[in-house]
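S.K.:
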Amino acid sequence: MSDGSKSSTDNVPKTLDDLNAMRRAGKPIAMLTCYDFPTARLLAQAGVHILLVGDSAAMTVLGQDSTATATLDYMCLITQAVRRGALGSFVLADMPAGSYEVSEQAIATAGRLRAAGADAVKLEVDRSQMHIVEALAGAGFVLCAHLGLLPQRVKTEGGYRAYGRTRSEAMEIIETAVAMRRAGAAMLLLEAVPDAVSEAVISQVDCVVLGCGAGKSCHGHVLVWHDVLGFTAKPAKFVETFADVPAVMLQAAQRYVAAVMQRQYPAAKHEYSMKEPLGESWSQLIANKPKR
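Using the working numbering, read the sequence shown as starting at 9 and increasing by one per residue.
(1) Expressed to the nearest angstrom, what Euclidean distance is found between the alpha-carbon atoms of MET195 and TYR264?
(2) Quick one: Cα of PRO46 to Cα of ARG190, how far?
(3) Return the residue from the list ARG31, ASP26, ALA66 and ARG32 that minimises the CA-CA distance to HIS234.
(4) If you scan the segment 228 to 286 from start to end, which runs of the alpha helix (DSSP H) of 4 or more residues do you find wholly inside it?
(5) Would you tell me roughly how many angstroms separate the C-alpha atoms of ALA101 and ARG91, rounded to the nearest one?
(6) Is it the case that the Cβ atoms of ALA48 and GLY93 are separated by a distance below 8 Å?
(7) Mapping DSSP to helix, strand and coil, what is CYS152?
(8) Below 8 Å on the Cβ atoms is my contact criterion, and I expect THR240 with GLN160 to pass it. Report the Cβ-Cβ distance as a whole number of Å.
(9) Pull up the distance between the alpha-carbon of VAL99 and that of ALA185, whole angstroms please.
(10) Among the candidates ALA193, ALA147 and GLY172, whose CA atom is the shortest distance from the CA of ALA200?
(11) Does the distance from the C-beta atom of GLY221 to that of ALA244 stay below 8 Å?
(12) Excluding the 5 residues flanking THR8 on each side, which residues of the same chain have their C-beta closer than 6 Å to its C-beta?
(13) Beta carbon of LEU27, beta carbon of VAL216: below 8 Å?
(14) Report all residues from its chain with a CB closer than 8 Å to the CB of GLN88; omit the five preceding and five following residues, and keep chain order.
(15) Would you grab the beta carbon distance between LEU155 and ILE181 for me? Rounded to a whole angstrom, and I think it's under 8 Å.
(16) Within 10 Å of its beta-carbon, does MET179 have 16 or more other beta-carbons around it, so buried, or fewer, so exposed?
(17) Is MET63 helix, strand or coil when you go by DSSP?
(18) Would you identify the three-state DSSP class for CYS84, choosing helix, strand or coil?
(19) Which whole runs of the beta strand (DSSP E) in the segment 22 to 56 are 3 residues long or more, in chain order?
(20) Could you pull the start and end residues of the alpha helix (DSSP H) that GLY119 belongs to?
(21) Taking the beta strand (DSSP E) that ALA191 belongs to, which residues open and close that run?
(22) To which residues of the same chain is GLY223 closer than 7 Å at the C-beta, ignoring the five residues directly before and after it?
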């Protein structure tokens, strides 16, 4: 920066070690979803600590009714875009539904996402998938285990709701978190669980615990970028909208339409000038052109 001060990107974490240093220092971690080059560049400039290339893009960008419809090819494509926009940021990419059913497939999926630019991968798991986590960790991947509400499964597991509100559900989440950490998960993400559950998990594991509607105790927090901007008509309880961007975009589109209709755009300043005059050559060419 011209005044010699540091930019917001100077102190953002670039590695898992950096994130753990923030955890140990008690510094909260801010994570946002990101799906494209210009947004990645902007979020990096803002100092966002983790850019999550989320399968939520299937809903927020493509208008589909579930995150489970995101394909691996699509996730790799948008991961590449985010990496190009934020070369020095920590990028976490979702492993899409159906791409990690067996260990060999999971390793291949994680490999493609890493090649696309992801520093780490996230997968939605329960204890029946511990062998998948072990295989990924054994293959050298940095992975985040997603627990609690699992968006890829909402159509088969009762829809969107909070998890861990009963003692049995809470214990299942806590025990699964411990098991996933032991299996090699480098980070955990808890979604839609009470803060008491998050606090209990944190007391039992020595890693970064991120929350999505999981209370203040988590080391970091994530929101969907489109929720932050105000695009979601009925956001979840834990969502905070920080700007009314749709109103600004609507106004810009309306002003453009009005400018075109009123012949105010394009104006002379938007036109390219000739380097030399056409003279009569153009009219002569038209006059001599054979009629069809």
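Where a beta carbon is used, it is the ideal one built from N, C-alpha and C, also for glycine. None of the values given here were measured: they were computed from a predicted structure.
M.R.: Taking the structure as given:
(1) Approximately 46 Å, taken between the alpha carbons.
(2) The C-alpha of PRO46 lies about 38 Å from the C-alpha of ARG190.
(3) Residue ALA66 is the option with its Cα nearest to HIS234.
(4) Listed in chain order, the complete alpha helix (DSSP H) runs (minimum 4 residues) inside the segment 228 to 286 are 233 to 237 and 253 to 269.
(5) So the two alpha carbons sit approximately 11 Å from each other.
(6) Yes.
(7) Three-state DSSP puts CYS152 in a strand.
(8) Wrong, their Cβ atoms sit about 19 Å apart, outside the cutoff.
(9) The alpha-carbon atoms of VAL99 and ALA185 are separated by roughly 22 Å.
(10) Taking the Cα of ALA200 as reference, the smallest distance to any Cα among ALA193, ALA147 and GLY172 is reached at GLY172.
(11) Yes, the pair counts as a contact, with Cβ atoms nearer than the cut-off.
(12) Residue 8 is absent from the structure shown; the chain starts at 9 and stops at 300.
(13) The answer is yes: Cβ separation under 8 Å.
(14) Cβ neighbours of GLN88 beyond the five flanking positions: ALA124 and GLY125.
(15) Beta-carbon to beta-carbon, LEU155 and ILE181 are separated by about 6 Å, close enough to satisfy the 8 Å threshold.
(16) It counts as exposed.
(17) The displayed chain sequence assigns Asp, not Met, to residue 63. The three-state reading of DSSP puts ASP63 in coil, since its state is none of H, G, I, E or B.
(18) Note: CYS84 maps to helix in three-state DSSP.
(19) Entirely contained in the segment 22 to 56, the beta strand (DSSP E) runs reaching 3 residues are, in chain order, 37 to 41.
(20) 111 to 124 is the span of the alpha helix (DSSP H), which, as asked, contains GLY119.
(21) Taken as a continuous stretch (DSSP letters only), ALA191 belongs to no beta strand (DSSP E), being part of the alpha helix (DSSP H) at 175 to 191.
(22) Within the same chain, Cβ atoms closer than 7 Å to the Cβ of GLY223 are found at PRO202, ASP203 and SER206, the five residues on either side in sequence being excluded.
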